[in-house]
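J.: For the sequence shown, this note's numbering gives the first residue as 88, with consecutive numbering after it.
Idealized CB from N, CA, C, for every residue including glycine.
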Amino acid sequence: MISPLKLANTPTPFYRLSRISELWNGNIWIKRDDLSGTGLSGNKVRKLEYLLADAIDKKADTIITCGGVQSNHCRATALASVRIGLKCTLLLRGEKPAVIDGNLLFDMLSGADIHFISEDRYNSNLDQELNNLASEVNVSKGKAYIIPEGGSNPVGAWGYVQALSELRQQCFEQNVKPNRIICATGSGGTHAGLLSGALIENWDVDIVSVTVGYDREETVNRIMEIINGMIDIYKLNIRIRKSDIKVIEGYLGEGYAKAGNEVIDVISEMARNEGVIVDPVYAGKAATAIKYETAKGMMKGTTVFWHTGGIFGLFPFKNRFKY
Ligand SMILES: Cc1ncc(COP(=O)(O)O)c(C=O)c1O
Numbered sequence: 088m089i090s091p092l093k094l095a096n097t098p099t100p101f102y103r104l105s106r107i108s109e110l111w112n113g114n115i116w117i118k119r120d121d122l123s124g125t126g127l128s129g130n131k132v133r134k135l136e137y138l139l140a141d142a143i144d145k146k147a148d149t150i151i152t153c154g155g156v157q158s159n160h161c162r163a164t165a166l167a168s169v170r171i172g173l174k175c176t177l178l179l180r181g182e183k184p185a186v187i188d189g190n191l192l193f194d195m196l197s198g199a200d201i202h203f204i205s206e207d208r209y210n211s212n213l214d215q216e217l218n219n220l221a222s223e224v225n226v227s228k229g230k231a232y233i234i235p236e237g238g239s240n241p242v243g244a245w246g247y248v249q250a251l252s253e254l255r256q257q258c259f260e261q262n263v264k265p266n267r268i269i270c271a272t273g274s275g276g277t278h279a280g281l282l283s284g285a286l287i288e289n290w291d292v293d294i295v296s297v298t299v300g301y302d303r304e305e306t307v308n309r310i311m312e313i314i315n316g317m318i319d320i321y322k323l324n325i326r327i328r329k330s331d332i333k334v335i336e337g338y339l340g341e342g343y344a345k346a347g348n349e350v351i352d353v354i355s356e357m358a359r360n361e362g363v364i365v366d367p368v369y370a371g372k373a374a375t376a377i378k379y380e381t382a383k384g385m386m387k388g389t390t391v392f393w394h395t396g397g398i399f400g401l402f403p404f405k406n407r408f409k410y
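(1) Using 7 Å as the cut-off, classify the Cβ of Gly189 as near or not near the heavy atoms of ligand 1, replying yes or no.
(2) Once DSSP output is grouped into helix, strand and coil, what is the label at Gly388?
(3) Can you give me the start and stop residues for the beta strand (DSSP E) that Thr152 sits inside?
(4) Consult DSSP for Ile204 and reduce its assignment to one of helix, strand or coil.
(5) For Asp121, does the three-state DSSP call read helix, strand or coil?
(6) Ignoring anything shorter than 3 residues or poking outside the segment 277 to 347, list the beta strand (DSSP E) runs there in chain order.
(7) To the nearest angstrom, report how far apart Leu192 and Phe399 are at their CA atoms.
(8) If I'm right that Ile233 touches Trp393 with Cβ under 8 Å, what's the distance once you round it to whole angstroms?
(9) Could you check if Asn130 belongs to the surroundings of ligand 1, using beta carbon to heavy atom distance under 7 Å?
(10) Return helix, strand or coil for Ile268, following the three-state DSSP convention.
(11) Tell me whether Asp302 counts as near ligand 1, meaning its Cβ is closer than 7 Å to at least one heavy atom of that ligand.
(12) Please tell me whether Thr389 and Asp120 are closer than 8 Å, where the distance is taken between their beta carbons.
(13) Which ranges does the alpha helix (DSSP H) cover as unbroken runs of at least 4 residues, wholly within the segment 159 to 244, from first to last along the chain?
(14) Which word fits Thr125, buried or exposed, when buried means at least 16 other C-beta atoms lie within 10 angstroms of its C-beta?
(15) Do the segment 155 to 165 and the segment 174 to 188 meet, that is, are 3 or more Cβ pairs less than 8 Å apart?
(16) So, is Tyr369 buried or exposed, given that buried needs 16 or more other C-beta atoms within 10 angstroms?
(17) Just tell me which of Gly275, Ile294, Asn324, Gly337 has its CA closest to the CA of Asn308.
(18) Using DSSP bridges, identify the partner residues of Phe101.
(19) Measuring straight from C-alpha to C-alpha, what distance separates Gly284 and Tyr247?
(20) By the 10 Å Cβ neighbour count, where 16 or more other Cβ atoms means buried, how is Asp194 classified, buried or exposed?
(21) In angstroms with no decimal places, state the Cα-to-Cα distance between Gly371 and Lys118.
(22) Is Ala271 close to ligand 1? I mean its beta-carbon at under 7 Å from any heavy atom of the ligand.
(23) Note the first and the last residue of the continuous alpha helix (DSSP H) segment covering Arg133.
(24) Please return the same chain residues whose Cβ sits closer than 6 Å to the Cβ of Trp245, not counting the five positions on each side in sequence.
(25) Which residues share a DSSP beta bridge with Trp393?
(26) Please check the pair Lys333 and Asp302, which I expect to be a contact at CB under 8 Å, by giving their CB distance rounded to whole angstroms.
(27) Are the CB atoms of Leu286 and Ile335 within a distance shorter than 8 Å?
(28) Taking 8 Å as the cut-off, does the segment 99 to 118 touch the segment 145 to 153 (at least 3 CB pairs, one atom from each stretch)?
(29) If you drop the 5 nearest sequence neighbours on each side, which residues of the same chain put their C-beta closer than 6 Å to that of Pro265?
(30) With DSSP as the reference, label Phe408 as helix, strand or coil.
(31) Given a cut-off of 8 Å on the beta-carbon distance, is the pair Val242 and Ile89 in contact?
(32) Which residue's Cα is closest to the Cα of Asp144: Asn218, Lys230, Asp331?
(33) Considering only the alpha carbon of each residue, which of Ser158, Leu173, Leu127, Arg106 lies closest to Ala147?
(34) Just reading off the alpha helix (DSSP H) that Ala382 is part of, what are its end residues?
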């Protein structure tokens with residue numbers, strides 16, 4: 088078992104959203120992983136505690152990872168690499184934008200070596216592109232460590248097995264018995280870690296995620312693959328069936344990194360009622376699902392909204408809000 092670095096400010100706060108509960112007619116609590124740090128914040132930090140410990144064990148000096156131009160994972164990886172004295176190379180999907188904003192601004196400030204590639208090349212040839220960057224590092228006598236998109240592999244997902252334990256302790260201390268825990272899902276590592284954690288601890292709580300990228304089937308398959316990887320590597324005594332993996336779709340709107348007006352409204356509602364900022368790409372879509380599924384009567388009892396961070400992704404959307 089890898090012993091993790093300490094990068095995240097944990098335990099992150101856990102409390103009831105009393106005004107939103109009243110407004111949305113539910114009993115909604117929040118786990119604030121958006122507060123796991125400042126620039127180095129959100130769900131990715133918990134994964135990086137394990138991934139970067141593994142990179143150090145393997146004597147790497149350069150971390151290579153990839154994602155969208157506004158990737159939270161890339162921003163967190165760039166800043167975490169600097170924090171522990173490693174170099175970082177980022178492969179970003181898309182063109183360099185005219186305005187440097189949000190996460191990309193932090194990537195640039197961190198001094199990461201940034202490569203932009205077209206969506207087509209990224210989607211069709213990602214592994215090869217990452218391996219090419221790693222070869223360049225290795226040829227110049229460095230040692231590269233590749234982190235997959237979103238840090239979602241069995242090593243990174245273990246951060247969320249630990250996070251589940253943290254929440255369970257907080258629920259015990261505050262006498263909260265959640266029926267479900269809900270988070271946004273992209274590459275699937277967060278859901279995979281939370282679900283494995285619940286199975287390991289034998290905690291009777293539904294782990295539900297709201298897909299903001301792939302369709303439900305693809306998301307379930309990805310989560311399944313990560314959990315099977317964890318079972319293999321860590322010799323876990325758990326069994327997983329596809330039906331245990333609960334993924335909600337229908338809140339993607341026009342696509343990844345696009346937000347409909349209902350998401351924009353939920354972002355304002357959260358800010359004005361709870362002083363909590365959610366982003367339009369991930370946590371804002373999970374919160375929107377909670378609002379509408381609660382209204383449909385699909386979320387009775389107690390819901391924990393796992394805020395996975397990502398607030399810098401809000402800035403490129405600033406013109407969508409009325410002040
Ligand atoms: C803010 C935020 N929330 C949720 C997710 C989804 O996490 P995962 O990729 O582990 O499914 C991401 C992934 O990029 C993210 O940046």
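T.: According to the structure data:
(1) Against the sequence shown, residue 189 aligns to sequence position 102. For ligand 1, not one heavy atom lies less than 7 Å from the Cβ of Gly189.
(2) Reading the sequence shown from its first residue, position 301 is the one you call residue 388. Coil, per DSSP.
(3) The residue labelled residue 152 in the question sits at position 65 within the sequence shown. Run containing Thr152: 149 to 155, per the beta strand (DSSP E) assignment.
(4) The residue labelled residue 204 in the question sits at position 117 within the sequence shown. Strand at Ile204.
(5) Locating residue 121 in the sequence shown gives position 34, counting from the first residue. Looking at Asp121 - three-state DSSP - the assignment turns out to be helix.
(6) 293 to 298, 333 to 335
(7) On the sequence shown, position 105 is the one that residue 192 refers to. On the sequence shown, position 312 is the one that residue 399 refers to. Roughly 9 Å between the two C-alpha positions.
(8) For the purposes of this step, residue 233 is taken as residue 146 along the sequence shown, with counting starting at 1. For the purposes of this step, residue 393 is taken as residue 306 along the sequence shown, with counting starting at 1. Not a contact, Cβ separation roughly 27 Å.
(9) For the purposes of this step, residue 130 is identified with residue 43 of the sequence shown, where counting begins at 1. Yes - ligand 1 has a heavy atom lying nearer than 7 Å to the Cβ of Asn130.
(10) Locating residue 268 in the sequence shown gives position 181, counting from the first residue. Ile268 falls in the strand class under three-state DSSP.
(11) On the sequence shown, position 215 is the one that residue 302 refers to. No, ligand 1 has no heavy atom inside 7 Å of this Cβ.
(12) For the purposes of this step, residue 389 is identified with residue 302 of the sequence shown, where counting begins at 1. For the purposes of this step, residue 120 is identified with residue 33 of the sequence shown, where counting begins at 1. For Thr389 and Asp120, no; Cβs fall outside 8 Å.
(13) 159 to 170, 189 to 196, 206 to 226
(14) The sequence position of residue 125 within the sequence shown is 38, counting from 1. The residue is exposed, with fewer than 16 neighbouring Cβ atoms inside 10 Å.
(15) yes
(16) For the purposes of this step, residue 369 is taken as the residue at position 282 of the sequence shown. Tyr369 is buried by the Cβ-count criterion.
(17) Position 221 of the sequence shown, counted from the first residue, corresponds to residue 308. If we check each option's Cα against that of Asn308, Gly275 comes out closest.
(18) As a first step, residue 101 is located in the sequence shown; it is residue number 14 there, counting from the start. Paired residues: Lys118.
(19) As a first step, residue 284 must be located in the sequence shown, where it is residue number 197. As a first step, residue 247 must be located in the sequence shown, where it is residue number 160. Those two C-alpha atoms are separated by around 7 Å.
(20) As a working note, residue 194 is residue 107 in the sequence shown. That one is buried.
(21) Here residue 371 corresponds to residue number 284 of the sequence shown, with the count starting at 1. Here residue 118 corresponds to residue number 31 of the sequence shown, with the count starting at 1. Distance between the alpha carbons of Gly371 and Lys118 is about 14 Å.
(22) Against the sequence shown, residue 271 aligns to sequence position 184. At least one heavy atom of ligand 1 is nearer than 7 Å to the Cβ of Ala271, so yes.
(23) If you number the sequence shown from 1, residue 133 lands on position 46. Here the alpha helix (DSSP H) through Arg133 covers 130 to 144.
(24) Start at 1 with the first residue of the sequence shown, and residue 245 comes out as number 158. If we look at Trp245 and ignore the five residues flanking it on each side, its Cβ neighbours are Tyr137.
(25) Within the sequence shown, residue 393 is the residue found at index 306, counting from 1. Beta-bridge pairing links Trp393 to Lys118.
(26) For the purposes of this step, residue 333 is taken as residue 246 along the sequence shown, with counting starting at 1. For the purposes of this step, residue 302 is taken as residue 215 along the sequence shown, with counting starting at 1. With 8 Å as the limit, Lys333 and Asp302 do not qualify as a contact, their Cβ atoms being about 15 Å apart.
(27) The residue you call residue 335 lines up with position 248 of the sequence shown. The residue you call residue 286 lines up with position 199 of the sequence shown. The answer is no: Cβ separation not under 8 Å.
(28) no
(29) For the purposes of this step, residue 265 is identified with residue 178 of the sequence shown, where counting begins at 1. Excluding sequence neighbours, Pro265 sits near Val292, Thr389, Val391.
(30) By one-based count along the sequence shown, residue 408 stands at place 321. The answer is coil: DSSP assigns Phe408 none of H, G, I, E or B.
(31) By 1-based counting over the sequence shown, the position of residue 242 is 155. By 1-based counting over the sequence shown, the position of residue 89 is 2. Yes; because the gap between Cβ atoms is below 8 Å, this pair is in contact.
(32) Taking the sequence shown and counting its residues from 1, one reaches residue 144 at position 57. When only C-alpha atoms are compared, the closest one is Lys230.
(33) Taking the sequence shown and counting its residues from 1, the one referred to as residue 147 is at position 60. Of the candidates Ser158, Leu173, Leu127, Arg106, the one whose C-alpha sits nearest the C-alpha of Ala147 is Leu173.
(34) For the purposes of this step, residue 382 is identified with residue 295 of the sequence shown, where counting begins at 1. 370 to 382 is the extent of the alpha helix (DSSP H) around Ala382.
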